[in-house]
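To convert, take the position in the sequence shown, counting from 1, and add 13; that gives our numbering. Working notes, structure below.
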Amino acid sequence: MNKEILQALYDSVSQDASLIKLSEEKLKSWETVPEFYLTLQDIFLNKEFPVNVRWISIIYFKNGIDKYWRKSAKNSISFEKKEKIRKRILQGSEDKNHLLAVQNSLVAARIARLDFPHDWPHLFQELFFIIKNSTSHASDSCMLLHRHLYTLYQIVKNLCASRLVKARRNFQQIAPELFEFIYGAFKNYTDQWIHMFQSNALETDIFAILQISHLCFKILRRLIIYGFEYPYKNENLRSFFQLSYMYLKLYFNLCEYVKGDMCTFLYSYIILFGKMFLEFSSTQLTSIFLMPNSSELIMVYLDIIEKNADIFNEQNTERTNFICKIVIQGLLLIKHGIKFLHNSDLLLEFKLENYRQEIEETYKILEKNIFNPEMLKKILEILITKYMVLRPNDLFTWEENPEQWFLSQEKQSWEYDLRPCAESLLADIFSIYSKILSSPFLSLFQTIATSFDESTFLLKEAVYNAFGIGINFFSDSVDFDSIFLNIFSKDIQIHNQRISKIIYRRILILISQCTSLESSKNIQTNIYVIFEKFLNAYEESNDLAIQLTAAVSLKQCVDEWSFEEEQLLPYLKSIFKSLLHLINQCEFSDSKLKVLQVINVIIERIKQQILPYAQNIIDTLPLLWEQSEEGHLLKVIIIITLTKLVKSLKKESEKYHPLIIQLIQYSISSSLNTNIYLIEDTLELWHSLLQETQNSSFQILSLIPLAINFLDYGNDVLKKILCIFESYILLSGDEFMKHYSLPFLSKFSNLLGNLHPDTSHVIIRVLDFALQTTSIHLYANTLVSSGCIFKILESIMINKELKPIVIQYFSLISRISLQNPHIILDFLGEFSFKIEQNSPNNQEIISNFLNIWISIFDNIGNPKYRKLNVMGITALLITNNPYVLININHLINIWSETLSEIKENKEGDALIYWNKHDDENYLSVTNSSETIRRQELIKKDPIHTTYLKTYIQQIFFSCVEANHGMEQFKINYQIDDILDIFS
Numbered sequence: 014m015n016k017e018i019l020q021a022l023y024d025s026v027s028q029d030a031s032l033i034k035l036s037e038e039k040l041k042s043w044e045t046v047p048e049f050y051l052t053l054q055d056i057f058l059n060k061e062f063p064v065n066v067r068w069i070s071i072i073y074f075k076n077g078i079d080k081y082w083r084k085s086a087k088n089s090i091s092f093e094k095k096e097k098i099r100k101r102i103l104q105g106s107e108d109k110n111h112l113l114a115v116q117n118s119l120v121a122a123r124i125a126r127l128d129f130p131h132d133w134p135h136l137f138q139e140l141f142f143i144i145k146n147s148t149s150h151a152s153d154s155c156m157l158l159h160r161h162l163y164t165l166y167q168i169v170k171n172l173c174a175s176r177l178v179k180a181r182r183n184f185q186q187i188a189p190e191l192f193e194f195i196y197g198a199f200k201n202y203t204d205q206w207i208h209m210f211q212s213n214a215l216e217t218d219i220f221a222i223l224q225i226s227h228l229c230f231k232i233l234r235r236l237i238i239y240g241f242e243y244p245y246k247n248e249n250l251r252s253f254f255q256l257s258y259m260y261l262k263l264y265f266n267l268c269e270y271v272k273g274d275m276c277t278f279l280y281s282y283i284i285l286f287g288k289m290f291l292e293f294s295s296t297q298l299t300s301i302f303l304m305p306n307s308s309e310l311i312m313v314y315l316d317i318i319e320k321n322a323d324i325f326n327e328q329n330t331e332r333t334n335f336i337c338k339i340v341i342q343g344l345l346l347i348k349h350g351i352k353f354l355h356n357s358d359l360l361l362e363f364k365l366e367n368y369r370q371e372i373e374e375t376y377k378i379l380e381k382n383i384f385n386p387e388m389l390k391k392i393l394e395i396l397i398t399k400y401m402v403l404r405p406n407d408l409f410t411w412e413e414n415p416e417q418w419f420l421s422q423e424k425q426s427w428e429y430d431l432r433p434c435a436e437s438l439l440a441d442i443f444s445i446y447s448k449i450l451s452s453p454f455l456s457l458f459q460t461i462a463t464s465f466d467e468s469t470f471l472l473k474e475a476v477y478n479a480f481g482i483g484i485n486f487f488s489d490s491v492d493f494d495s496i497f498l499n500i501f502s503k504d505i506q507i508h509n510q511r512i513s514k515i516i517y518r519r520i521l522i523l524i525s526q527c528t529s530l531e532s533s534k535n536i537q538t539n540i541y542v543i544f545e546k547f548l549n550a551y552e553e554s555n556d557l558a559i560q561l562t563a564a565v566s567l568k569q570c571v572d573e574w575s576f577e578e579e580q581l582l583p584y585l586k587s588i589f590k591s592l593l594h595l596i597n598q599c600e601f602s603d604s605k606l607k608v609l610q611v612i613n614v615i616i617e618r619i620k621q622q623i624l625p626y627a628q629n630i631i632d633t634l635p636l637l638w639e640q641s642e643e644g645h646l647l648k649v650i651i652i653i654t655l656t657k658l659v660k661s662l663k664k665e666s667e668k669y670h671p672l673i674i675q676l677i678q679y680s681i682s683s684s685l686n687t688n689i690y691l692i693e694d695t696l697e698l699w700h701s702l703l704q705e706t707q708n709s710s711f712q713i714l715s716l717i718p719l720a721i722n723f724l725d726y727g728n729d730v731l732k733k734i735l736c737i738f739e740s741y742i743l744l745s746g747d748e749f750m751k752h753y754s755l756p757f758l759s760k761f762s763n764l765l766g767n768l769h770p771d772t773s774h775v776i777i778r779v780l781d782f783a784l785q786t787t788s789i790h791l792y793a794n795t796l797v798s799s800g801c802i803f804k805i806l807e808s809i810m811i812n813k814e815l816k817p818i819v820i821q822y823f824s825l826i827s828r829i830s831l832q833n834p835h836i837i838l839d840f841l842g843e844f845s846f847k848i849e850q851n852s853p854n855n856q857e858i859i860s861n862f863l864n865i866w867i868s869i870f871d872n873i874g875n876p877k878y879r880k881l882n883v884m885g886i887t888a889l890l891i892t893n894n895p896y897v898l899i900n901i902n903h904l905i906n907i908w909s910e911t912l913s914e915i916k917e918n919k920e921g922d923a924l925i926y927w928n929k930h931d932d933e934n935y936l937s938v939t940n941s942s943e944t945i946r947r948q949e950l951i952k953k954d955p956i957h958t959t960y961l962k963t964y965i966q967q968i969f970f971s972c973v974e975a976n977h978g979m980e981q982f983k984i985n986y987q988i989d990d991i992l993d994i995f996s
């Protein structure tokens with residue numbers, strides 16, 4: 014067997030494709046053979062075999078661990094084999110081939126995650142022993158130590174990744190001992206490499222020790238964050254944190270004196286320090302600030318932030334990128350400091366009250382050293398004047414490709430990009446310290462705003478940016494009308510090829526940020542004039558960045574709750590012309606998407622006022638669809654645009670039905686993978702089209718088979734499809750049930766009884782509408798042949814559904830009974846034959862059915878459905894069926910209770926029959942054609958149009974007449990005088 018496996022591994026690395034395929038099949042077939050993985054480990058550990066063969070063996074070995082190591086896995090590796098594998102796994106990390114050693118470490122880590130501590134209790138003791146002994150091999154001690162530390166790192170990393178409470182507790186039990194062991198190594202090797210550096214040792218020797226120090230730090234970083242519930246209580250952790258702060262400063266200074274690989278490695282080491290501080294403060298905010306020198310740590314980062322601000326004006330280099338990452342880490346750490354100071358729930362993290370004093374002392378230190386008025390003003394100044402200004406690279410990129418630069422600005426993230434990070438920190442500072450900073454900042458704003466000096470235009474843009482960020486925090490101190498008239502309106506008059514568009518862009522953004530401020534109608538009108546101006550592609554200064562900024566800002570203004578459409582209407586023609594021109598000028602789909610979103614918001618806000626511009630919008634969409642190619646996001650927005658147009662245009666949208674129906678067919682029936690993303694929005698468009706359509710058409714009805722196919726989809730899609738069916742039935746019920754009742758009801762039959770109650774309710778509502786709008790004779794036979802009526806009767810008779818669903822089923826039965834009660838008895842006869850073909854018993858089925866119906870009345874709380882069921886069960890008297898008549902006393906009791914509870918007007922209506930929650934769709938569409946159809950249906954509904962007392966009287970006395978008069982009827986069915994209930 015061993016030789017066969019070895020040969021298969023050799024074949025798998027050959028150049029012969031047929032041999033490779035055959036070997037893969039063999040290796041696959043041996044996966045469940047007991048000796049397979051032990052043999053793979055033997056081959057891997059045997060250094061006489063070629064590296065490529067050993068590589069394949071460890072890869073198959075690793076994949077097998079994932080599949081067959083768990084005890085619960087089918088064909089899992091036996092305990093004895095696991096024991097042998099574990100005993101040898103750590104020695105595999107000593108391989109001189111780095112890539113093989115790494116793979117072995119990954120395997121060891123996966124086993125550790127599954128087996129520690131239960132099946133591998135002494136894992137860490139074994140590792141400690143191996144690591145200690147690594148230094149005894151003088152020739153390759155650094156290599157061996159690095160290999161074993163890397164294995165330990167991977168194990169720690171895997172154990173930290175577990176989110177199971179028990180696993181976390183197990184890890185936290187070993188963490189103190191593990192931390193102490195690695196912390197000792199970390200101090201030792203860190204001191205060593207620093208001493209070697211100061212002694213001018215060989216760089217290769219320094220680098221080897223530095224890498225070990227770095228690896229120790231990576232382990233300690235994981236331990237401090239995930240290994241301790243309260244890290245600030247552990248003295249070793251406090252000491253490590255203090256050392257980390259000192260090493261951060263030292264390493265940053267050392268970067269000035271090293272070059273090449275050493276410098277690059279130090280950069281990554283310093284960034285790792287920052288990652289630790291940030292992750293520590295993110296996961297345990299209080300713990301990090303209770304550590305020694307935490308406030309000094311922020312001061313170190315502040316010093317780096319201040320002294321390295323100008324480096325970003327230089328050419329992009331490795332150092333520039335390094336400083337950028339460090340500065341972002343510093344800015345984020347300051348954000349966390351602010352959060353720590355102003356988190357009122359912070360003390361809830363602690364079970365011990367005696368730490369309150371320590372926290373409060375930390376508050377005082379931070380407020381005294383960092384977050385005092387003078388330092389806050391300094392931070393404010395640094396952020397605005399150094400980190401929020403546009404850089405030469407920004408201006409170059411903007412000039413080179415305005416559209417691409419605009420998109421890059423939109424996509425920036427405050428967690429990873431420098432300027433957005435500075436802006437986010439400024440927002441936090443303004444939100445907390447606005448009382449301290451509003452006065453000095455507004456003074457700066459007034460000073461810079463009145464300056465038109467070309468040398469300060471970038472600073473002016475940054476100050477305006479800060480003004481927009483802080484506007485909501487000091488809005489009480491700002492008169493927007495005055496600022497607009499005296500500052501912004503003058504800024505947009507600047508005509509300087511170098512600076513004007515920079516200020517234009519910022520003014521446009523500022524306007525959108527100030528929408529929440531009070532302003533006069535005159536100012537609001539002037540704002541639309543500005544948008545009209547900067548959307549105009551024929552203005553020389555309006556490149557694509559300016560036009561797109563104007564479009565996005567316009568969207569925010571129109572989307573504001575205080576928007577008044579009358580102010581926008583005079584500028585609509587020009588604005589739409591510019592927007593449609595802009596969308597055609599854009600090269601990137603993301604830009605087109607943003608412009609379409611602007612158009613969508615305008616359509617939504619001005620509603621039917623969009624009519625004069627609808628054709629131009631529609632004409633633009635087909636080309637956009639073609640340009641989107643395989644991209645689904647732009648297609649989704651196009652579908653949403655059509656949906657909003659249909660809802661806004663209402664009946665006027667019918668002229669666009671051919672295009673819309675074609676798009677629906679493509680999006681729903683296409684086999685393209687990307688079309689799965691279009692389904693939800695396409696269904697919404699389809700539904701809107703039906704709601705706003707006045708009259709049905711062949712094209713609209715031709716979509717029904719597609720809808721029927723979608724009944725097999727999951728709950729979210731299913732609910733929307735059911736709403737579409739509801740709209741079809743309201744629009745053209747007879748046509749729908751005449752041509753599509755069989756596939757439609759067959760699908761419903763499969764669905765009933767297998768769905769969440771909410772979805773079942775929608776299905777029943779659809780059937781209810783069908784029974785209200787169409788004649789039961791059109792599809793009575795189909796209800797039987799599809800099995801739908803049997804599914805309903807079965808659910809009723811064997812009590813397999815919740816009571817509310819059963820009540821709704823009886824409401825459907827009532828609708829049928831109101832049309833033709835004889836059909837109910839026919840259905841029960843068919844049902845009796847179906848379940849007892851040899852000896853069907855109609856009497857028993859009818860009696861049981863009526864007993865259930867009568868008993869359910871106590872559970873019908875809704876007066877509307879109670880009346881419907883009373884009318885439905887009463888209508889059965891028309892059949893004169895003896896099994897119905899025998900229940901007359903029960904019916905009389907139901908009549909008596911119902912008539913005493915409900916007081917109807919002469920038309921048969923009552924206020925208690927109106928419950929908006931019965932039909933959410935009544936509320937979801939306003940002033941649509943479907944709303945009118947619903948209202949007409951309500952006017953015809955017997956619930957609202959039939960006087961219940963008269964209805965019962967007429968049917969009852971007709972039944973009495975058919976059974977030889979009242980006296981004989983009383984004798985036959987032993988009833989008392991019934992006339993009292995009709996008085």
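Just so you know, even glycine gets a beta-carbon here, dropped at the ideal spot from N, CA and C.
Measuring alpha carbon to alpha carbon, tell me which of Ile-522, Leu-764, Ser-824, Glu-843 ends up nearest Ile-858. Glu-843
Measuring CA to CA, which of Asn-509, Arg-518, Phe-497 is closest to Ile-540? Its Cα nearest to that of Ile-540, the residue Phe-497 stands out among Asn-509, Arg-518, Phe-497.
Can you tell me whether Leu-765 is helix, strand or coil according to DSSP? coil
Coarse secondary structure for Asn-985, derived from DSSP in three states: Residue state, collapsed to three classes: helix.
Is the stretch 903-910 close to the stretch 878-893, with three or more CB pairs under 8 Å? yes
Endpoints, the alpha helix (DSSP H) within which Ser-798 is located: 793-798
Who are the near neighbours of Val-115 in its chain, counting only those whose CB is closer than 8 Å to its CB and skipping five residues on each side? Tyr-163
Straight-line gap, Ile-653 to Ser-773 (C-alpha atoms, nearest Å): Inter-residue distance for Ile-653 and Ser-773 is about 28 Å (C-alpha atoms, whole angstroms).
Does Gly-273 come out as helix, strand or coil in the three-state DSSP assignment? helix
Which whole-angstrom value is the C-beta distance of Phe-454 and Ala-479, which I expect to be below 8 Å? 7 Å
With a floor of 4 residues, list each alpha helix (DSSP H) that falls wholly inside the stretch 769-852, ordered by position along the chain. You should have 770-786, 793-798, 801-810, 816-832, 834-848.
At least three beta-carbon pairs within less than 8 Å, the stretch 582-590 to the stretch 624-640: yes
Assuming contact is defined by CB atoms lying nearer than 8 Å, are Ser-444 and Phe-486 in contact in what I supplied? yes
Kindly indicate which three-state DSSP category Tyr-935 falls into: helix, strand or coil? With a pLDDT of 49 at Tyr-935, under the threshold of 50, the modelled position of this residue cannot be trusted, and the question is left open.
Contact check, Leu-950 vs Ile-915 under 8 Å by CB: the rounded distance? Going by Cβ atoms, the distance from Leu-950 to Ile-915 rounds to 22 Å, so no, they are not a contact pair.
CA-CA distance, Asp-931 and Ala-783? Here Asp-931 scores only 49 on pLDDT, less than 50, and its place in the model should not be relied on; the value that follows carries that caveat. Rounded to the nearest angstrom, the two C-alpha atoms are 17 Å apart.
Inter-stretch contact (C-beta, 8 Å, three-pair minimum) for the stretch 283-297 and the stretch 343-357: yes
Distance between Phe-353 and Leu-279 (C-alpha atoms, nearest Å): 30 Å
Measure the beta-carbon distance from Ser-680 to Thr-695 and round it to whole angstroms, keeping in mind my assumption that it falls under 8 Å. 4 Å between Cβ atoms; contact.
Asn-117 burial status per 10 Å Cβ neighbour count (16 or more: buried): buried
From Leu-365 to Glu-371, what does the alpha carbon distance come to, in whole angstroms? Because the pLDDT at Leu-365 is just 46, under 50, the model does not fix this residue reliably, and the point stays unresolved.
Which residue comes first and which comes last in the alpha helix (DSSP H) that contains Lys-620? Per DSSP, Lys-620 belongs to no alpha helix (DSSP H) and is neither H nor E.
Helix, strand or coil: which one does DSSP assign to Lys-919? coil
Tell me which residues share the same chain as Ala-550 and place their Cβ nearer than 6 Å to its Cβ, disregarding the 5 neighbours each side in the sequence. His-594
Reference Ile-630, options Ile-612, Gly-77, Glu-44, Ile-71, closest by Cα: Ile-612
Starting from Thr-528 and walking both ways along the alpha helix (DSSP H), at which residues does that stretch end? Per DSSP, Thr-528 belongs to no alpha helix (DSSP H) and is neither H nor E.
Going by DSSP in three states, Ala-214 sits in which element: helix, strand or coil? Assigned with DSSP and collapsed to three states, Ala-214 falls in coil, not helix or strand.
In whole angstroms, what separates the C-alpha of Thr-469 from that of Ile-522? 19 Å
I'd like the list of long-range same chain contacts for Glu-933, defined as Cβ closer than 6 Å, with 5 residues on each side in sequence excluded. Reliability fails at Glu-933, whose pLDDT of 43 lies under 50, so the model's placement of it is uncertain and no value is given.
By alpha-carbon positions, which one of Ile-543, Leu-548, Ile-619 ends up nearest to Val-571? Ile-619
Assigned exposure category for Leu-361 - 16 Cβ within 10 Å defines buried: Note on Leu-361: pLDDT 48, under 50, position unreliable in the model; no value is reported.
Whole-angstrom distance between Ile-650 and Phe-325, CA atom to CA atom: 38 Å
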